[in-house]
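Comments concern the structure below.
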Amino acid sequence: MDSAVPSSEYLTVARQGILRLMANIKGVITIDTRKLEYLLASKIAGGHVILADSHGVGKTSLARALAGSIQWGDRKANREGIPIESFSRIQCTVDLLPQDILGFNRFDMKANAYTFNRGPIFAHFVLTDEINLLTPKTQGSFFQVMEEQTVSIEGMTYELPDPFFIIATMNLKGAHLFPLPAPQLDRFMLQLSMGYPAEKDEADIVERHGKDDSWKDFGPVVDAGELLAWQKLVDHISIKREVIDYIVSLIRKTRGYPGIVTGCSPRAGIKLSRAARALSLVRGLDYVTIDLVKELAIPVLSHRLELEDPAMDPHEVLRQILKETPAGG
């Protein structure tokens, strides 16, 4: 595309594909439409998502549905020839080591040489279950993965696939938890909670998934090439300077605000602007509005705040900041 703003034809095709993807996921998963839009926007924007939620609300099934909705074609290995899975699940425990996630070199007696044994991180979609059960050392193995989309083992660097997406779940309470360091939390584009379903929805879930064949007709509906095309479209969604100025005002207001020890970094503003562009695309728009930025502020910024009182609700703090930050000033 030569123009800065995508044509209506590109937007229409993207919107149709995104709606097809959402319908496919909702065929097997009960999830609030807006939260699903946020999740897809994060993926399309090239970001990762952390789900802070209770057990048994469908986090793993959601990740599997998202991964299984994509037709991967010949994308079965990276440039170095390392096999790539479409979906991988890492069950985090306190005794897990970095090599259990990234991989390690093993000496092959027959070949008389070291060979690389890939870890479960080599997948298009990675579900990292209960990430805050990992020790700080093992948590650190995600820094390069999330920032550079590469893995370095003993001087060798291996590329991770594109698209590449991490959904991490985080326990809110429990024993043996290691809080994620602020720099790692800052690398997640969104923090969401699926929450418990409404009573009628819960009855539908029990009825649907009480059968062995509940996923019988489920399959891919979007090609990986379409997903990559949507990612490229994000850069062409218009965001005016007045909207950027509003984002900067929000970010700066979190610094030194009463009750906040550490506010948001410039990276947070970048993530918010990119998530807003992607959400605009998901909804078939070619521009970002201030209202859309306000809508995304809490899921994008809440996990980046360090509060004086851990009992304080970061969502409530951000709601107050939103009230006090006028558009255009």
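Mapped onto the working numbering, the consecutive letters of the sequence shown carry residue numbers 116 to 444.
Even glycine gets a Cβ: it sits at the ideal position worked out from N, Cα and C.
Being a predicted model, the structure only gives us computed values, none of them experimental.
Asked                                                                                                                                                        : Found
Let me check understanding here. Comparing Cα to Cα, which of Leu416, Ser123, Lys191 lies closest to Arg382?                                                 : Leu416
Would Leu155 pass as a contact of Val209 if the rule is Cβ separation under 9 Å?                                                                             : no
Gly310: buried (16+ other C-beta within 10 angstroms of its C-beta) or exposed?                                                                              : exposed
Using a Cβ-Cβ cutoff of less than 8 Å, which residues in the same chain neighbour Asn193 once the five nearest sequence positions on both sides are dropped? : Ile199, Phe237, Tyr273, Glu274, Leu275, Pro276
Report yes if the CB atom of Thr369 is closer than 9 Å to the CB atom of Ile436, and no otherwise.                                                           : yes
Where does the unbroken alpha helix (DSSP H) through Ser380 begin, and where does it stop?                                                                   : Segment: none, Ser380 is in no alpha helix (DSSP H) and carries neither H nor E.
With distance defined between alpha-carbon atoms, name the residue in Val266, Gly384, Glu245, Ala178 nearest to Ser169.                                      : Glu245
Give me the residue from Ala412, Pro441, Phe231 with the minimum Cα distance to Leu433.                                                                      : Ala412
Helix, strand or coil: how does DSSP classify Met137 here?                                                                                                   : helix
Tell me Tyr402's beta-bridge partners as DSSP assigns them.                                                                                                  : Ser353
My guess is that Leu300 and Arg419 are in contact by the Cβ rule of under 8 Å, so how many angstroms apart are they, rounded?                                : 6 Å
On the CB-based measure, 16 or more other CB atoms within 10 Å of its CB, does Ile385 come out buried or exposed?                                            : exposed
Put Met261 into one of helix, strand or coil per three-state DSSP.                                                                                           : helix
Please check the pair Ile354 and Ala318, which I expect to be a contact at CB under 8 Å, by giving their CB distance rounded to whole angstroms.             : Actually they are not in contact, since the Cβ atoms of Ile354 and Ala318 sit about 42 Å apart, beyond 8 Å.
In whole angstroms, give me the CA-to-CA distance for Val172 and Asn139.                                                                                     : 18 Å
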